[in-house]
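Working notes for the structure below.
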Amino acid sequence: MTNSESPLKPKQVKKIYTISGVNLSFTNSEERYIGRDDLILISFKNKSNFAGVFTKSTTASEAVKWCQKIIKNNDIRAIIVNAGNANVFTGELGKNAINKIISKLSSCLKIFKNQILIAQTGVIGEPLKTHKIVDAISNLTDNLNSNNWQSAAKAIMTTDTYPKYSSLCYNFEGSKIHITGIAKGSGMIAPNMATMLAFISTDIKISKPILQKLLEEVSEETFNSISVDGDTSTSDSVILSATGMSDNKILKNKKDKHYEKFKDALLKISKDLALQIVRDGEGASKLITIRVSGTKNKIISKKVAFSIANSPLVKTAIAAEDANWGRIIMAIGKTNEIFDHKKLSIYIGKYLITYDGRRYNGYSENKLSKYMKNNEIEISVEFGSKKNEVTVWTCDLTQKYIDINGKYRS
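Numbering-wise, the sequence shown is residues 76 to 485 according to our numbering.
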């Protein structure tokens, strides 16, 4: 099934920087999709440092379980990804499929099996046509190229309507640092770690512990701060690799003055990819930004923000361009967090909605209704101050979401 391109598709970077030491390839295995690429390989020439964050789902895929074990190794050389079949809840068949794919790839690349990561995305519960993927691996290993980022992003799409990629370069003390990433995700997007598949590479010299810490920090503000439908995938994975091919002085700890510079760059890439996913939410017609502040801590702020973001009543009201702000009050209340009603101020766009425990005297239904026609909606919830502010992003819920998911396996 092919979906029309999301009306919220953003302008994407025109220049994609290659990452020294990283090559990619793509091919069509026909495991599920006929006439399109659905299998990619990311290969690393030299020893690189890796970091990863993965789904917390208790029905995690066999691929996730494999990666959680292997990513601790110090000499990973390849990542293979297939789209169309998630290889989840398939018992021993699923485990055997992983082993056969990894074994074939290790033989072709002449590396060990524990130097390979794997990610899989698509339909849950269907046995993988393993032979299709195994037979296509030689096409991958024979066609590796450093310029294949955009094609790789397209090959891992499922219900996505456009490929997601981001890239940047910055200078630090005379050294050029490049970061490039690809991602996929459109539905089954909710925050419980990483929310989809993303593969980000950089040429910076950096220690493995710091790389892992940075990825966890950045993911919390980006990939863990988006939701399309409130459903957490069984296959969520974000994998960050650093080839060390730049000539910078190695980044070893948080006190290093390069730390914040690199973190800001990684945050920019991750946020760009995360927002591309929300903008491509299945059936989405509006991007919704929700800010919550003034709670006891950021954990509570995020809890309130996601209660609003995941509310079907809030999301459908926004889809219908209905200024029904009472649904936001409902979503706040169902968190069971205690707060002073008189301190609660809700803004939709620039319009103050609630003040002193009731609807604001200057509230205008006509002005708010006009604002609701925009394709980007902002909601701000303040519990008396700007402290502990958290931002999350979501999209509206439309009839098209039902249509897409009702036909997903057809």
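Even glycine gets a Cβ: it sits at the ideal position worked out from N, Cα and C.
Going by the DSSP bridge assignment, what does Phe298 pair with across the sheet?
In the sequence shown, counting from the first residue as 1, residue 298 sits at position 223. Phe298 is not bridged to any residue.
### Whole-angstrom C-beta distance between Pro202 and Asn450, which should lie under 8 Å
Within the sequence shown, the letter at position 375 stands for residue 450. Within the sequence shown, the letter at position 127 stands for residue 202. Actually they do not touch by this definition, with Cβ atoms about 41 Å apart.
In terms of residues, what are the limits of the alpha helix (DSSP H) holding Gln351?
For the purposes of this step, residue 351 is taken as residue 276 along the sequence shown, with counting starting at 1. His333 to Arg354 is the span of the alpha helix (DSSP H), which, as asked, contains Gln351.
Problem - Rounded separation between Thr410 and Ile374 - CA only - result: Taking the sequence shown and counting its residues from 1, the one referred to as residue 410 is at position 335. Taking the sequence shown and counting its residues from 1, the one referred to as residue 374 is at position 299. Using only the alpha carbons, I get a separation of about 12 Å.
Could you please give me the residues that DSSP links to Gly424 through a beta bridge?
Taking the sequence shown and counting its residues from 1, one reaches residue 424 at position 349. None; Gly424 has no bridge partner.
Might you give, ordered along the chain, the residues of its own chain that have their beta carbon closer than 7 Å to the beta carbon of Asn402, omitting 5 neighbours on each side? In the sequence shown, residue 402 corresponds to position 327, counting from 1. Note that residue 402 corresponds to Arg in the displayed sequence, not to Asn. These residues qualify, in order along the chain: Ser386, Leu388, Val389 and Ala392.
Item to check | Per-residue burial, Lys122 [other beta carbons within 10 Å of its own, 16 or more giving buried] | outcome: To locate residue 122, count along the sequence shown from 1; it is residue 47. By the neighbour-count rule (16 or more Cβ atoms within 10 Å), Lys122 is not buried but exposed.
Q | Option nearest Ala138 by Cα separation, candidates Asn103, Lys175 and Lys120 | A | To locate residue 138, count along the sequence shown from 1; it is residue 63. When only C-alpha atoms are compared, the closest one is Lys175.
*Proximity to Asp150 [Cα-Cα], best of Glu167, Ile191, Leu116 and Asn157*: Along the sequence shown, read from residue 1 onward, the residue named residue 150 stands at position 75. Nearest option by C-alpha distance: Ile191.
Among Asp347, Asn220 and Asn160, which has the Cα closest to the Cα of Leu116?
Within the sequence shown, the letter at position 41 stands for residue 116. Among Asp347, Asn220 and Asn160, the Cα nearest to that of Leu116 belongs to Asn220.
Taking DSSP's pairing of strands, which residues face Cys142 in a bridge? Stepping through the sequence shown from its first residue, residue 142 is reached at position 67. Note: Cys142 sits in no beta bridge, so no partner.
**Report entry** Any alpha helix (DSSP H) of 4 or more consecutive residues that is wholly inside the region 184-226
**Finding:** 205-216
For this session: Assign Val20 to one of three DSSP states: helix, strand, or coil.
Result: For residue 20 there is no data in the structure shown, the boundaries of the chain being 76 and 485.
Inset, instruction - Report the residue from Leu326, Ala340 and Ser345 whose alpha carbon sits nearest the alpha carbon of Ser300. - result: Within the sequence shown, numbered from 1, the residue matching residue 300 stands at position 225. Ranking Leu326, Ala340 and Ser345 by Cα distance to Ser300 puts Ser345 first.
Ile365 vs Val467 beta-carbon contact at 8 Å: By one-based count along the sequence shown, residue 365 stands at place 290. By one-based count along the sequence shown, residue 467 stands at place 392. Cβ atoms of Ile365 and Val467: closer than 8 Å.
**Message:** Considering just the uninterrupted stretch of the beta strand (DSSP E) at Ser104, what are its terminal residues?
**Reply:** For the purposes of this step, residue 104 is identified with residue 29 of the sequence shown, where counting begins at 1. From DSSP, Ser104 is part of no beta strand (DSSP E); its letter is neither H nor E.
Item to complete: Determine the contact status of Val465 and Ser376, defining contact as a CB-CB distance below 8 Å.
Response: Residue numbering aside, residue 465 sits at position 390 when the sequence shown is read from its first letter. Residue numbering aside, residue 376 sits at position 301 when the sequence shown is read from its first letter. Going by C-beta atoms, Val465 is nearer than 8 Å to Ser376.
Check: Would you call Ala395 buried or exposed, if buried means 16 or more other Cβ atoms sit within 10 Å of its Cβ?
Finding: Position 320 of the sequence shown, counted from the first residue, corresponds to residue 395. By the 10 Å Cβ count, Ala395 comes out exposed.
query: Expressed to the nearest angstrom, what Euclidean distance is found between the alpha-carbon atoms of Leu472 and Ser241?
result: As a working mapping, residue 472 is identified with position 397 in the sequence shown. As a working mapping, residue 241 is identified with position 166 in the sequence shown. Taking the straight line joining both Cα atoms gives about 26 Å.
Practice problem: For the alpha helix (DSSP H) containing Gly401, list its first residue and its last residue. | Solution: What you label residue 401 is simply residue 326 of the sequence shown in a count that begins at 1. Gly401 to Gly408 is the span of the alpha helix (DSSP H), which, as asked, contains Gly401.
Where Ile310 falls, given that 16 or more other Cβ within 10 Å makes a residue buried
Translated into the one-based positions of the sequence shown, residue 310 becomes position 235. Residue identity check: residue 310 is Ser in the sequence provided, not Ile. So Ser310 counts as buried.
With Val88 as the anchor, note down where its beta strand (DSSP E) starts and where it stops. Position 13 of the sequence shown holds residue 88. Note, Val88: premise wrong, no beta strand (DSSP E); not H, not E.
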